Structure formats: C-alpha cells, structure tokens
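Chains as they are written, first to last, in the working numbering: chain R, 29 to 358; chain Z, 3 to 325. Read through the structure below, which is laid out as structure tokens, and then see the notes.
Following this line, the structure appears as structure tokens:
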C-alpha cells in the first residue's frame with residue numbers, strides 16, 4: 029500500500045507541474061499585454077515599459093516561469109505598477125493588478141463561498157444520485173425504475189442557468205417558499221448559511237446527480253449477479269442486506285472515482301451556478317478575471333481548480349485501492 | 003490479398019452487427035421518437051431561412067424599435083407574455099425588439115454548426131490518438147496517459163472561457179473586427195482540444211484488449227503490415243464506441259457553447275445564439291420571464307432528445323446495457 033501511495037503521489041505531482049507549465053505557457057505567451065492592462069488606459073509608453081519591467085515581463089518566458097514556480101514554493105517579491113515591492117509569501121500565485129491584492133488573498137476571501145456550495149452540492153449528489161441509482165437498480169424494469177431513470181435524464185439534460193432562474197422565479201420571487209439565495213458565513217449563523225444556500229445546493233446537486241444515478245444503476249446491475257452476492261443470498265441473507273453489504277461495495281469503485289472528479293471540479297468553482305445565484309465564490313472571481321483580462325488571477329484560478337481535481341482524483345484512487353486489493357497490487 | 007481472404011475465410015454471420023443494431027434500434031420506441039425530434043431539429047435548422055421567409059421575419063431586424071406599440075419606453079414588450087402576438091409568435095426580444103422565433107431558428111443553426119464541427123474533429127482526433135496509443139503500447143501509451151491526465155485536470159469550462167479571447171487576440175489585430183467564421187473556428191478548436199480525451203481513453207482500452215485477440219494475431223502471423231492491422235482489423239471493431247460517444251458528445255458541446263455565450267464569451271452579435279438569449283433573458287428575468295423560457299425549453303428539448311438518442315444507440319449496439 030505504501031508503495032502505491034508513493035507512486036500515486038509522484039504521478040499527481042508530475043501532472044501538477046505539467047499543468048503549471050501549460051497554464052503559464054498558454055496565458056503568458058498570449059499577445060494580450062498584461063502590463064498594458066495592469067497600467068490602465070492612461071499610461072504612456074514609458075510607464076508601460078516600467079510596469080513591464082517591474083512585472084518581470086521583459087525577461088524571457090522560461091525565466092518568468094521559473095520565477096513563478098519559485099514563488100509558488102518559496103514566495104517572492106513582486107513589483108507593483110509604480111515599482112514599489114509587494115511581498116508575496118508562498119504559495120505565491122502572483123499579484124492581481126486589477127484587484128490590487130495577491131491572487132491567493134483574492135482566492136482566500138472567496139473560498140468559503142465555494143467550499144460551502146461544493147460541500148452541500150456533494151451531499152445532494154451523493155444522496156440523490158447514488159440513492160436513486162441504487163433504488164432504480166433494485167427495482168429494475170419496474171415503473172419505479174423508469175420513473176427514476178426519467179428523472180435523472182431530465183437532470184442530465186436541463187441547464188443550470190435555465191433551472192436556476194426558473195426556480196428562483198417560481199420559488200423565491202413568486203411564492204416566497206425559499207429565501208433569497210445568498211451567502212452568510214457558517215460561523216456567524218449556521219441557520220442563515222443553510223437556508224441561503226439551499227436552492228443553489230439543490231440545483232447544482234440535481235443537475236450533477238444524474239451522471240451518478242446512471243453510473244450507480246449500471247454498476248449495481250453488473251455486480252448484482254456476481255457469484256459472491258448470489259452466495260450470500262443463498263446462505264439466507266436478505267436481498268437488501270446482501271446488496272448493501274456486497275453489491276454496493278463492488279459497485280463503489282467507479283462511483284468513488286467519479287465523485288473525486290466531481291469534487292475536484294466543484295472545489296475549483298461553480299462558474300455558472302455562482303453567476304446565476306449571484307454568489308461571489310471562486311467561479312465568479314475567475315469569470316470576472318477572464319472578462320477583465322486579469323491574467324494573474326486567471327492563471328491562479330486555473331491552477332487552483334486543477335490542483336483540486338488532481339488532489340481529489342488521487343484521493344479517490346486511494347479509496348479505490350482500499351476497497352479493491354487488485355488495484356494496489358497491480 | 004490478405005484483406006480479401008480474412009473476410010471470406012471466416013464468413014460473415016447471416017446478419018452483420020450493423021443490421022442487428024439497426025433492428026434493435028427500430029424496436030426501441032423511445033429511441034425512434036428521439037431520432038424523430040433530432041431529425042426535426044436538423045431540418046428546422048437547415049430550413050431556417052426558408053421558414054423565416056414564410057413567417058415574414060428575420061433574426062436581425064429590430065421590430066420592437068421600428069414598430070411603435072411593441073416595446074414600452076423601458077424596452078419591455080407591451081403585450082403580455084413577452085409580447086406574443088399573431089405577428090410575433092414567440093414574442094419580441096426586450097430592448098432590441100428582435101423576433102424571438104426567428105432568433106431561435108437561426109440560433110439552432112449556430113448550435114448545430116459548432117457542435118457537429120467540434121464533434122467531427124473530436125471523433126477524428128480521438129480515434130487516431132486512442133487507437134495509436136492502444137496499439138503501440140509502451141512509451142507512447144504512457145505519454146498518452148500523462149497528457150490525458152493533464153488535460154482532464156484542467157477546469158474545462160474556465161479554460162474554454164479564458165482561451166477563446168487568447169486565441170482570438172493572436173489572429174486578430176487590435177481594433178479589427180473579427181469575422182464570424184473566425185469565432186466559429188476558435189470555438190470548434192477549443193472544444194476539440196479538450197473533447198477528444200474521453201473518447202481516446204475508451205478506444206485505447208478497447209484496442210489494448212483487441213490487440214491480443216486471435217484475429218489480430220492471425221493477421222500479424224500472416225505478415226500483415228502495421229497499417230493493415232490498424233485500419234482493417236482494429237478500426238472496424240471500434241466504430242460502436244465511437245458512434246455512441248459521438249451521439250452523446252454532441253449535446254455536450256451544444257450546452258457548453260450555450261454556457262460560454264451565457265457567461266459572455268461565445269459567439270458575438272449579431273449571429274443569433276441561444277446562450278446569449280438566455281444571458282439577455284437573465285437581465286430582464288423578473289420583468290419578462292417569457293423571453294428566457296423559449297431558449298431554455300428549446301435547449302432542454304434538444305439536449306434531452308440527443309441524450310435519449312445516445313442511450314438508444316448504446317443499447318442497440320451493446321446488448322449488455324439493454325433495459
């Protein structure tokens with residue numbers, strides 16, 4: 029197991045390094061001049077040159093990249109528009125000249141929103157997605173199965189931007205059944221936190237649960253007829269217990285992997301959900317950064333999102349290895 | 003020569019796998035209904051100019067601004083339900099006052115064009131890379147796996163969002179207006195750059211299993227070239243997963259394109275686009291909810307039909323998943 033964990037960690041680190049290089053190359057090689065954007069429209073050529081120098085943009089790309097990496101690991105000092113040094117401690121993701129703060133601070137300010145949104149949505153996904161999938165598999169071929177499959181198919185086809193606005197109109201604006209979606213810090217008032225995020229959780233969870241329901245159903249159907257489940261049933265175990273104890277475990281590996289991917293994606297920011305419900309999380313930060321051409325923030329949020337995906341996928345792989353000895357011995 | 007014998011020697015079954023799949027598909031009522039809806043959508047998109055000529059509207063005229071009595075001073079439709087009338091069946095757009103039905107029809111062209119072009123590129127790239135990696139194995143396969151890991155870890159939507167402008171600025175000078183075909187090309191390329199990964203990964207696994215099968219070994223023993231093995235022995239055996247993937251990838255591209263336009267970086271005005279209609283609808287949602295319902299429901303029906311069609315295709319091709 030230790031060998032497996034080490035190998036997996038090394039692989040994750042290699043992927044992350046490649047991602048930093050790719051993200052850096054993609055965005056900083058772009059002709060959109062970050063210095064010009066940072067400086068603003070009032071700058072003359074001399075000032076832009078000065079900004080370019082203080083941002084280190086006059087150095088070769090490879091040098092800028094190693095600087096960036098060094099900042100990530102050990103922190104660095106970045107020059108502001110007027111040349112004053114800004115201390116950016118590790119892990120330094122750069123400095124946003126649009127927001128006038130280090131990218132990491134900008135992310136940190138908004139991370140609680142994204143974290144709350146992702147955690148609640150994941151809970152909905154697990155209960156709704158895996159629950160309906162298992163129920164549909166147990167009732168295979170019946171009306172319940174068709175009803176649940178239809179339900180998940182709608183979830184797979186409906187768009188967050190449409191469902192989100194429609195529900196806000198019907199449930200909040202017209203009838204007042206739900207409170208207005210907003211973020212209240214969990215520490216201050218857990219009740220307001222939960223009620224404010226309830227609708228976003230349900231919408232984000234429902235739309236993403238469909239894939240899980242379908243995977244859970246097909247995995248259950250595949251493992252249901254394995255010999256070890258039949259044996260358990262033959263020895264007198266009730267169907268429900270046998271399926272919960274043996275079938276569910278056999279079907280869990282692909283679900284864990286999908287959940288890892290999903291969790292990684294959600295922690296990196298739910299762009300559309302945050303826009304629809306007016307929540308100021310990482311997704312909103314990233315979208316705004318793209319619109320305003322704020323390159324350091326764009327690269328920072330891309331890296332953060334990629335980091336979460338790599339992290340959660342690796343964690344999911346570990347869970348799978350724990351569940352299934354064949355994986356870690358391979 | 004070997005090509006001819008390999009088929010004759012073993013003989014085809016009385017009914018080929020394709021004919022079996024078509025028969026299974028025909029018996030699937032949901033699948034046939036989905037196919038009808040999809041075909042209907044394609045026809046509507048192709049015939050959009052004709053239909054709009056019959057209907058007497060075009061998607062770019064600002065009817066609401068040109069004709070008094072359609073829009074109020076705030077730019078909202080005067081008639082109830084988004085200004086639905088005998089003249090404008092689905093109402094008029096708030097603000098600019100364009101005809102909603104005409105915009106929807108032309109928006110379907112935009113969606114389908116981007117989606118089919120992207121899926122075509124995805125299919126070709128995915129097949130070439132997946133089959134190559136699966137067949138070669140070894141170092142090529144490891145490199146392939148690494149690239150897939152990296153691409154999968156990228157937040158796709160954010161990258162699509164951020165890359166569009168980056169790619170565009172590379173080809174369009176400052177102050178220049180980029181032509182519409184350039185926007186389409188950029189979108190297609192960016193979608194394709196990330197979309198090929200799942201298909202290629204599936205094909206790589208399939209080909210790795212196929213490579214060890216007797217018929218490939220037999221071809222190799224008979225002295226078949228590598229090209230023959232890849233094109234004549236392996237490729238004909240992977241068309242089923244490719245077909246399934248393509249049908250399910252198409253609605254994915256449609257929704258991704260709409261999402262990009264919704265977030266403000268898709269196809270620009272004046273090319274009609276569903277995502278931009280939703281985005282405009284969200285601005286005036288509480289005053290004129292009808293305007294958003296039309297593109298929202300259209301996307302839902304469109305994507306639902308494609309998902310059902312994809313499921314039916316998969317069921318028809320793979321009897322194991324049959325309900």
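By construction, the Cβ of each residue, glycine as well, lies at the ideal position given by its N, Cα and C atoms. Nothing here was measured: the structure is a model prediction, and the numbers come from that model.
- In this structure, R:324 is the residue among R:324, R:193, R:216 with its C-alpha nearest to the C-alpha of residue 54 of chain R.
- When the alpha-carbon of residue 242 of chain Z is set against those of Z:280, Z:314, Z:227, Z:221, the nearest one is in Z:314.
- Between the alpha carbons of residue 163 of chain R and residue 171 of chain R lies a gap of roughly 12 Å.
- In this structure the stretch 250-262 of chain R does not lie against the stretch 210-230 of chain R, because fewer than three pairs of beta carbons, one per stretch, are closer than 8 Å.
- At a C-beta separation below 8 Å, residue 288 of chain Z has these neighbours in chain R: 197, 201.
- Below the 9 Å Cβ cutoff, chain Z contributes 159, 261, 264, 265 as neighbours of residue 300 of chain R, in chain order.
- Considering only beta carbons, no part of the stretch 273-284 of chain R lies closer than 7 Å to chain Z.
- Scanning Z:20, Z:18, Z:43 for the CA closest to the CA of residue 302 of chain Z turns up Z:43.
- DSSP places residue 101 of chain Z in the strand class (E or B) of the three-state scheme.
- Cβ-Cβ distances below 6 Å link residue 185 of chain Z to 269 in the same chain, with the five nearest sequence neighbours on each side left out; the list follows chain order.
- In chain R, no part has a C-beta under 9 Å from the C-beta of residue 93 of chain Z; the shortest such distance is about 16 Å.
- Taking a 10 Å sphere around the C-beta of residue 329 of chain R, we find 16 or more other C-beta atoms and assign the residue as buried.
- The contact set of residue 181 of chain R on chain Z, defined by CB atoms closer than 9 Å, consists of 306, 309, 310, 313 in chain order.
- Nearest in C-alpha terms to residue 247 of chain Z, of all of Z:109, Z:310, Z:125, is Z:125.
- Look at the stretch 138-162 of chain Z: the residues with a C-beta under 8 Å from a C-beta of chain R are 148, 151, 152, 154, 155, 156, 157, 159, 160, 161.
- For residue 212 of chain Z, same chain residues with a beta-carbon under 7 Å away, outside a window of 5 residues either side, are 218, 236, 239 in chain order.
- Neighbourhood of residue 291 of chain Z in chain R, by CB distance below 7 Å: 197, in chain order.
- Between the stretch 112-123 of chain Z and the stretch 192-200 of chain Z, the count of Cβ pairs shorter than 8 Å is three or higher; the stretches touch.
- In this structure residue 300 of chain R is in contact with residue 264 of chain Z, their Cβ atoms being roughly 7 Å apart against a cut-off of 8 Å.
- Contact between the stretch 132-143 of chain Z and the stretch 199-214 of chain Z is present, with at least three C-beta pairs closer than 8 Å.
- With respect to chain Z, the C-beta atom of residue 142 of chain R has no partner C-beta closer than 9 Å.
- Taking 9 Å as the cut-off, the Cβ atoms of residue 311 of chain Z and residue 128 of chain Z do not count as close.
- Nearest to residue 94 of chain Z by C-alpha distance, out of Z:75, Z:317, Z:292, Z:304, is Z:292.
- Chain Z has no Cβ within less than 9 Å of the Cβ of residue 124 of chain R.
- No Cβ-Cβ contact shorter than 9 Å links residue 286 of chain R with residue 335 of chain R.
- Rounded to the nearest whole angstrom, the CA to CA distance from residue 261 of chain R to residue 206 of chain R is 45 Å.
- In chain order, 157, 160 make up the part of chain Z whose C-beta sits under 8 Å from the C-beta of residue 296 of chain R.
- With respect to residue 266 of chain Z, residue 315 of chain R sits close: the two C-beta atoms are nearer than 9 Å.
- Secondary structure of residue 182 of chain R (DSSP, three-state): helix.
- The Cβ of residue 266 of chain R sits no closer than 9 Å to any Cβ of chain Z.
- Between residue 154 of chain Z and residue 204 of chain Z, the C-beta gap is not smaller than 9 Å, which leaves the two residues out of contact.
- Taking 7 Å as the cut-off between beta carbons, the residues of the stretch 335-355 of chain R near chain Z are 337, 338, in sequence order.
- Note that the C-beta distance between residue 277 of chain Z and residue 260 of chain Z is below 9 Å.
- Contact note: residue 46 of chain R reaches chain Z through 148, 152, using a C-beta cutoff of 8 Å and chain order.
- Going by beta carbons, residue 99 of chain Z and residue 66 of chain Z fall inside the 9 Å limit.
- Against chain R, the CB of residue 227 of chain Z has no partner CB under 9 Å away; the residue lies outside that interface.
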